[in-house]
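To start, the structure itself, in structure tokens.
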Amino acid sequence: MQRSILTTSFSLCLFLASSTVLASTGNMTKITYYETDGTLQNLSFWERATPRGTQVKPNDNIGYFNNSQSKQDIDILRYDDEKSYSLINLDSNQVINRINNKTYQNLSQAKNIKFYEFGKGIVESAIFMSNKGICQDFDSKNGINVDFVTNYYSNVYQNPNEFTTTFANIQIYKNSPSRLISEKIEAHSNNPATEQQLKQTIMAEKSQLLQADAGKLRSFIQYLCIGQLKQ
């Protein structure tokens, strides 16, 4: 398939009107973000060429990226007009490049999954971990352990290197409320005073943000395990 360097318009599609950090280096567009291991990394994006007149639908493969640690391209799938996502089966180190019922069946039986979400001013990275299998543990009293980090961006044009981040570890269950195990926050800015202000701001919103993220991640696993796939 033809590869083309990610354009600004594609960046806007992925990150909703440039609400995410985009720093152009030569011919490559990069996004600075925190990963689940706490390291500050860059995501580099490319767009997949779409034949003229083709309508992009949910779950279509719209591009790919790699980050500072990845050794392979990671496909990006469209979620809706405002968001996109990526999935990796960590058991087999397989990047998911298309979505169908077989894909969801394999993921539901996996023990470890990596999930990325992009859009509405965020870059989120999450790892779902289980002992016997994602859906089997989700349906049991053991639940699934999730490490996740969500990076929040405000204005790429005025403050391209400023964003706030929540880190958390949670346990999610099918029939019980999610349990927060650990959390922390970070802020990133070239200006120390601004960085401190950003930390204070996210501290005030932390509980609400973590609750929303935990609910979203739990809903994703519910969707995966009941096998409902939008066509």
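In mature numbering (1 follows the signal peptide of the UniProt record, and there is no 0), the protein residues as written are -23 to -1, 1 to 208. Here a beta-carbon is modelled for each residue, glycine too, at the ideal position from N, C-alpha and C.
Candidates the options, of which the one nearest residue i by Cα
i, options, result
"Gln32", "Gln173, Arg55, Gln82 and Thr16", "Arg55"
"Asn78", "Asn36, Leu17 and Tyr11", "Asn36"
"Tyr130", "Glu101, Ala191, Ser184 and Pro169", "Glu101"
"Glu24", "Lys7, Glu163 and Thr16", "Lys7"
"Lys118", "Thr171, Val126 and Asn108", "Asn108"
"Lys48", "Gly30, Ser61, Asn70 and Ile39", "Asn70"
"Ile53", "Gly15, Gln86, Leu17 and Glu94", "Glu94"
"Gly15", "Ala170, Glu160 and Pro169", "Glu160"
"Phe144", "Arg195, Met180, Asn167 and Thr171", "Met180"
"Thr13", "Gln46, Ala26, Phe22 and Arg29", "Gln46"
Any non-hydrogen atom of the ligand HEM closer than 7 angstroms to residue i Cβ
i, result
"Phe92", "Ligands in the displayed structure: none, and consequently the ligand HEM is not present."
Close-in-space but distant-in-sequence residues of the same chain around residue i (CB under 8 angstroms, 5 per side omitted)
i, result
"Gln148", "Gly120, Ile121, Asn122, Val123, Ser155, Arg156 and Ile158"
Whole-Å CB distance - residue i paired with residue j, under 8 angstroms assumed
i, j, result
"Ile104", "Lys91", "6 angstroms"
"Asn138", "His165", "7 angstroms"
Helix, strand or coil at residue i according to DSSP, with G and I counted as helix
i, result
"Ile179", "helix"
"Ala189", "helix"
"Thr142", "strand"
"Gln199", "helix"
"residue 258", "Because the chain spans -23 through 208 in this model, residue 258 falls outside it and cannot be assessed."
"Thr127", "strand"
Continuous alpha helix (DSSP H) stretch holding residue i: start and end
i, result
"residue 212", "One cannot answer for residue 212 here, as it falls past the ends of the chain, which runs -23 to 208."
"Gln81", "Reading off the sequence shown, one finds Tyr at residue 81, where the question assumed Gln. Counting along the chain, the alpha helix (DSSP H) containing Tyr81 begins and ends at Asn78 to Gln86."
Run of the beta strand (DSSP E) containing residue i, from where it starts to where it stops
i, result
"Asn152", "No beta strand (DSSP E) holds Asn152; DSSP gives it neither H nor E."
"Gln18", "Leu17 to Arg25"
"Gly120", "Neither: Gly120 is in no beta strand (DSSP E) and is coded neither H nor E."
"Ile65", "Lys60 to Asn66"
"Gly96", "Asn89 to Gly96"
Sequence-distant residues of its chain with Cβ nearer than 7 angstroms to residue i (five each side left out)
i, result
"Ile51", "Tyr41, Phe42, Asn43, Ser63, Ile65 and Val72"
"Tyr11", "Leu17, Val126, Asn128, Thr142 and Glu163"
6 angstroms Cβ shell around residue i - same chain, five flanking residues per side excluded
i, result
"Gly192", "none"
"Leu186", "Thr143"
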